[in-house]
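Protein chains: 2
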Amino acid sequence: MIDKFMEEAIKQAQKSAQEGGIPIGAVLVLDEQIIGRGHNQRIQKGSPTLHAEIDCLENAGRLSPEEYKRSKLYTTLSPCHMCSGAVLLYKIPEVIIGENISFLGAEELLKKNGVKLYVFNDERCVKIMKDYIEDNPKLWKEDIGEK
Amino acid sequence: MIDKFMEEAIKQAQKSAQEGGIPIGAVLVLDEQIIGRGHNQRIQKGSPTLHAEIDCLENAGRLSPEEYKRSKLYTTLSPCHMCSGAVLLYKIPEVIIGENISFLGAEELLKKNGVKLYVFNDERCVKIMKDYIEDNPKLWKEDIGEK
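So the sequence lines, in the order shown, correspond to chains H and P.
Numbering (the UniProt record's numbering) for the first sequence: 1 to 147.
Numbering (the UniProt record's numbering) for the second sequence: 1 to 147.
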């Protein structure tokens, strides 16, 4: 077990895969407790904005600035510009990333703004994305706004 | 009338105000047609992620990368890091901003990434925010992740 919270994020990615969705998951942790779980909802809800991290923050509900500042965001895949922007908006100080091989998000922007990043490059995170992208190249490109 | 699409964004801000919500509105325009409207949903839906721009993109639904690249986002207030990140994710080439006096978002980041910005600093956009912030300083700070 690489990290108990990353395991929960991976479970979210697997749940999304089982639902026929894009297999990316996230959890928000406050004071060592999970307060939000989420996964990509593009297919399931027809949503262009509910990436795993946004879905997770949405499910965590309204928090105070102080709570965000004590929280950590776990995500199975390197966060895109939108999700990284949400981290910067709420000043979440730490992001733990399952892998950044399939997709490299706005990690440089996060680092430049003082956010601590940890990248596991966990094999299961890489494999679930690799398989999905091979089978669904068009849906994946839609999710990251690429032609 | 400053711009017919900005007028629609202002109507969304006014609608949110009437609902007791944070008065920020947005519209997404594709090929000179409005394809999405939205407003801040923090109060109405208890949502920490449905800023006006995100709500608008969500309501526009799933679009192709080509459609985003032909679209313009109108928002009554300078877009925060999350909403600017959504613009970068989908490579929306142009953002038209009602005002950036009450709040200055990630405009520099957008410009650096080649997004064209137009700022009206429309009096109505300034006033609706000024009034809201004066009456609801804590809710406003929550919306932008500040203490």
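Note that the Cβ used here is the ideal one computed from N, Cα and C, for glycine as well.
Sequence-distant residues of its chain with Cβ nearer than 6 angstroms to D143(H) (five each side left out): I22, R42
L88(H) - containing alpha helix (DSSP H), residue span: 81–89
8 angstroms Cβ cutoff, P137(P) in contact with chain H: no
Beta-carbon gap between N113(P) and L88(P) smaller than 8 angstroms: yes
Cα-Cα separation between E66(P) and K127(P), rounded to whole angstroms: 36 angstroms
Reduced DSSP secondary structure (H/G/I, E/B, other) of E66(P): helix
Spatially closest choice to I101(H) from E108(H), A86(H), F120(H), E94(H), by CA coordinates: F120(H)
Beta bridge counterpart(s) of L28(P) as assigned by DSSP: G36(P), L73(P)
According to DSSP, residues forming a beta bridge with E94(P): K72(P), K116(P)
Where F5(H) falls: helix, strand or coil (DSSP): helix
L57(P) versus P137(H), L139(H), E53(H), G46(H), residue with shortest Cα-Cα distance: G46(H)
Euclidean distance between Cα positions of residue 156(H) and L110(H): Absent from the structure is residue 156(H), since the part of chain H shown begins at 1 and ends at 147.
Distance CB(M82(P))-CB(A86(H)) smaller than 8 angstroms: yes
Delimiting residues of the alpha helix (DSSP H) encompassing N100(P): Element bounds for N100(P): n/a, residue is neither H nor E.
Nonlocal neighbours in the same chain, by C-beta distance under 8 angstroms from I34(P), ignoring five residues either side: F5, E8, V27, L28
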